[in-house]
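The structure under discussion appears below in the form of structure tokens.
There are 2 protein chains.
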Amino acid sequence: MSSVMCQISISLDGFVAGPNQSLENPIGEGGLRLHQWVFETASWREQQGEAGGALSVDSDVVRDLFKNVGAYIMGRKMFGGGDGPWDEAWTGWWGEDPPYHVPVFVLTHYPRKPLAMQGGTIFTFVTDGIESALEQARAVAGDKDIEIAGGAQAVQQYLRAGLLDELYLHIVPVILGDGERLLANVGDPTLEPVTVIASPAVTHVKYRIVR
Amino acid sequence: MSSVMCQISISLDGFVAGPNQSLENPIGEGGLRLHQWVFETASWREQQGEAGGALSVDSDVVRDLFKNVGAYIMGRKMFGGGDGPWDEAWTGWWGEDPPYHVPVFVLTHYPRKPLAMQGGTIFTFVTDGIESALEQARAVAGDKDIEIAGGAQAVQQYLRAGLLDELYLHIVPVILGDGERLLANVGDPTLEPVTVIASPAVTHVKYRIVR
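The structure is reproduced here in structure tokens:
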């Protein structure tokens, strides 16, 4: 059955991006430290067309992350290109062939025509709210999952609205001290840990959100 | 070998006490939700002289927590009795026979004579700082561990000073939204997850702090 999921790397003190986020450094100072564990895996390198990397528990986790995703939803800041009306020259951070390969719905206040990239990624810009984006994602995802890709505010909105089924945290043993918090303004949802995977680098905990 | 440890229950959003802490409610609103998993275990109930409780993974965790502790260190707020010079009628929250059964060093700015309770707990009041308290704890603990019992500020001080060897977090799937944060003002220590124990109620992660 299709689930609405979010998987995200988070610091031990609760941040998903470091302080002083900017257009040039959208994950903030030190934010890259949250993702280092991914870059070191064989499965990630394979997806990037590179050899090498570690055949670790983390590599297995990364391999499974995107297996069953039928559509993505992301916030405007994650798509990038700055605030306000669109500069249509901006087509995201990911080049001609973004790593999604399925429809991606971008939450925005500014209308823009859909953008078909190479490899099956189609960015659709949704101006009428998170529920509309979810409906559109469901329509294309079939029995596959819908992944709320980020950033923090998009995840918070879906969690607060009771629309998230699973939150999969990769708890990185790094203390950023400041930055963008994931679990703020989300109300008091009931969570149950359903899967815990330990590695020397990260603790992966998947929570089911109980309705 | 003797380690300096801290084991503590923490909400998924990083709080070890709820908002609006007071003399009457020292763990704050909702703070008790962080400890519910302990109260349900057979080993906790046994320690309280009660029957019943669950013979769960969590029960095993609780049983092991205090096995090898030779001395405790706690902040003044955790010992209780309010601010300022001591009211010597206050002998802690725990009655005549506190659950420590070894020496406990209380960090305070106000001198007070040591207080011997039933069952081997002796409270010693340390006015000359965290390093002095640690030296005194080491002197009595022998090859057993020293546990920084809390609260958050005491833990933060030892972590920031590079004096903590292990941080054992019981990550409770509860979102408190506000309260007392554990991992604030602690600098940027290097942590390695060394033990991860999963249960349906809590995720227990023990971190070694690398020097």
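If you read the sequences in order, they're chains A and B. When we follow numbering that gives the first Met the number 0, the leftmost residue of the first sequence carries the number 0, and every step to the right adds one. When we follow numbering that gives the first Met the number 0, the leftmost residue of the second sequence carries the number 0, and every step to the right adds one. C-beta: ideal position from N, C-alpha, C; glycine also.
Exercise. Under the criterion of a Cβ to heavy atom distance below 7 Å, does Gly186 of chain A qualify as lining the ligand HEM?
Worked result: No copy of the ligand HEM occurs in the structure displayed, which carries no ligand at all.
Exercise. Counting contacts by CB-CB distance shorter than 8 Å, is Leu11 of chain A in contact with chain B?
Worked result: Taking the first sequence and counting its residues from 1, one reaches residue 11 of chain A at position 12. So, interface residue.
Exercise. Are Ile145 of chain A and Arg137 of chain A closer than 8 Å when you measure CB to CB?
Worked result: On the first sequence, position 146 is the one that residue 145 of chain A refers to. On the first sequence, position 138 is the one that residue 137 of chain A refers to. Less than 8 Å divides the Cβ of Ile145 of chain A from the Cβ of Arg137 of chain A.
Problem set entry | is_contact[Gly17 of chain B, chain A] using C-beta, thresh 8 Å | Start at 1 with the first residue of the second sequence, and residue 17 of chain B comes out as number 18. By this cut-off, Gly17 of chain B is not an interface position.
Exercise. Which term fits His169 of chain A, buried or exposed, when burial requires 16 or more other beta carbons within 10 angstroms of its beta carbon?
Worked result: The residue labelled residue 169 of chain A in the question sits at position 170 within the first sequence. Under this definition His169 of chain A is a buried residue.
Exercise. From the beta carbon of Val154 of chain B, is the nearest beta carbon of chain A less than 8 Å away?
Worked result: Looking up residue 154 of chain B in the second sequence gives position 155. It does not: the Cβ of Val154 of chain B has no partner Cβ on chain A nearer than 8 Å.
For this session: For Gln6 of chain B, count neighbouring Cβ atoms within 10 angstroms of its own Cβ and tell me buried if that reaches 16, exposed if not.
Result: Counting from one through the second sequence, the residue named residue 6 of chain B turns up at place 7. By the neighbour-count rule (16 or more Cβ atoms within 10 Å), Gln6 of chain B is buried.
Exercise. If Pro199 of chain B sits next to Glu191 of chain A, beta carbons under 8 Å apart, how far is it from one beta carbon to the other, in whole angstroms?
Worked result: As a working mapping, residue 199 of chain B is identified with position 200 in the second sequence. As a working mapping, residue 191 of chain A is identified with position 192 in the first sequence. Between Glu191 of chain A and Pro199 of chain B the Cβ distance is about 7 Å, and since that is below 8 Å, they are a contact.
For this session: Whole angstroms is fine: what's the gap from Ala160 of chain A's alpha carbon to Lys205 of chain A's?
Result: Residue 160 of chain A sits at position 161 when you count from the first residue of the first sequence. Residue 205 of chain A sits at position 206 when you count from the first residue of the first sequence. Computed Cα separation, rounded: 19 Å.
Exercise. Smallest Cα separation from Pro188 of chain A: which of A:Trp36, A:Arg210, A:Ala153 and A:Gly178?
Worked result: On the first sequence, position 189 is the one that residue 188 of chain A refers to. Selection A:Trp36, A:Arg210, A:Ala153 and A:Gly178 evaluated against Pro188 of chain A yields A:Arg210 as nearest (Cα-Cα).
Exercise. Which residue's Cα is closest to the Cα of Leu182 of chain A: A:Val15, A:His203 and A:Ile208?
Worked result: The residue you call residue 182 of chain A lines up with position 183 of the first sequence. The residue with the shortest Cα to Cα distance from Leu182 of chain A is A:Val15.
For this session: Excluding the 5 residues preceding and the 5 following Val173 of chain B in the sequence, name in chain order all residues of the same chain whose CB lies nearer than 7 Å to its CB.
Result: As a first step, residue 173 of chain B must be located in the second sequence, where it is residue number 174. Once the five neighbours on either side are set aside, the close Cβ partners of Val173 of chain B are Ser10, Leu11, Arg32 and Leu33.
Exercise. Is there a Cβ from chain A that is less than 8 Å from the Cβ of Tyr206 of chain B?
Worked result: The residue given as residue 206 of chain B occupies position 207 in the second sequence. Interface residue, yes.
For this session: Please check if any C-beta of chain B sits within less than 8 Å of the C-beta of Thr202 of chain A.
Result: Position 203 of the first sequence holds residue 202 of chain A. At a cut-off of 8 Å between beta carbons, Thr202 of chain A contacts chain B.
Exercise. Taking a cut of 9 Å between CB atoms, which residues from the stretch 178 to 192 of chain B lie near chain A?
Worked result: So the list reads Arg180, Leu181, Leu182, Ala183, Asn184, Val185, Gly186, Asp187, Pro188, Thr189, Leu190, Glu191 and Pro192, given in the order they occur along the chain.
Exercise. Apart from the five residues on each side of it in sequence, which residues of its chain come closer than 8 Å, Cβ to Cβ, to Glu45 of chain A?
Worked result: Residue mapping note: residue 45 of chain A aligns to position 46 of the first sequence, counting from 1. Gly52, listed in sequence order.
Problem set entry | Short CB-CB distance (under 8 Å) between Pro172 of chain A and chain B | One-based indexing of the first sequence puts residue 172 of chain A at position 173. Taking 8 Å as the CB threshold, Pro172 of chain A lines the interface with chain B.
For this session: Kindly provide the ranges of any alpha helix (DSSP H) runs that are 4 or more residues long and lie completely inside the stretch 22 to 50 of chain A, ordered along the chain.
Result: Listed in chain order, the complete alpha helix (DSSP H) runs (minimum 4 residues) inside the stretch 22 to 50 of chain A are 35 to 38 and 41 to 46.
Exercise. Can a CB atom of chain B be found closer than 8 Å to the CB of Glu149 of chain A?
Worked result: Counting from one through the first sequence, the residue named residue 149 of chain A turns up at place 150. Reading off the sequence, residue 149 of chain A comes out as Gly, not Glu. False, the Cβ-Cβ gap to chain B never drops below 8 Å.
For this session: May I ask you to list the residues that DSSP assigns as paired with Gly149 of chain A?
Result: Along the first sequence, read from residue 1 onward, the residue named residue 149 of chain A stands at position 150. DSSP lists A:Met73 as partners of Gly149 of chain A.
Exercise. Per DSSP, which one or two residues make a beta bridge with Glu87 of chain B?
Worked result: Residue mapping note: residue 87 of chain B aligns to position 88 of the second sequence, counting from 1. Under DSSP, Glu87 of chain B shares a beta bridge with no residue.
For this session: May I ask which residues mark the beginning and end of the beta strand (DSSP E) holding Val105 of chain B?
Result: Residue mapping note: residue 105 of chain B aligns to position 106 of the second sequence, counting from 1. Start and end: Pro102 to Leu106.
For this session: Identify whether Ala213 of chain B lies in helix, strand or coil by the three-state DSSP scheme.
Result: Nothing about residue 213 of chain B can be read from this structure; chain B reaches only from 0 to 210.
Exercise. With 16 other CB atoms within 10 Å as the buried threshold, where does His108 of chain B fall?
Worked result: Start at 1 with the first residue of the second sequence, and residue 108 of chain B comes out as number 109. His108 of chain B is exposed by the Cβ-count criterion.
For this session: Report the residues of the stretch 44 to 57 of chain A with a CB closer than 8 Å to any CB of chain B, ordered along the chain.
Result: Only those residues of the stretch 44 to 57 of chain A whose C-beta falls short of 8 Å from the nearest C-beta of chain B would be listed, and there are none.
Exercise. Between B:Gly81, B:Arg207, B:Arg111 and B:Val68, which lies nearest to His100 of chain B when the distance is taken from Cα to Cα?
Worked result: Position 101 of the second sequence, counted from the first residue, corresponds to residue 100 of chain B. That would be B:Val68, whose Cα lies nearest to the Cα of His100 of chain B.
For this session: Compute the Euclidean distance between the alpha carbons of Gly13 of chain A and Ser1 of chain B, then round it to the nearest angstrom.
Result: Your numbering for residue 13 of chain A matches position 14 in the first sequence. Your numbering for residue 1 of chain B matches position 2 in the second sequence. If you take the alpha carbons of Gly13 of chain A and Ser1 of chain B, they lie about 30 Å apart.
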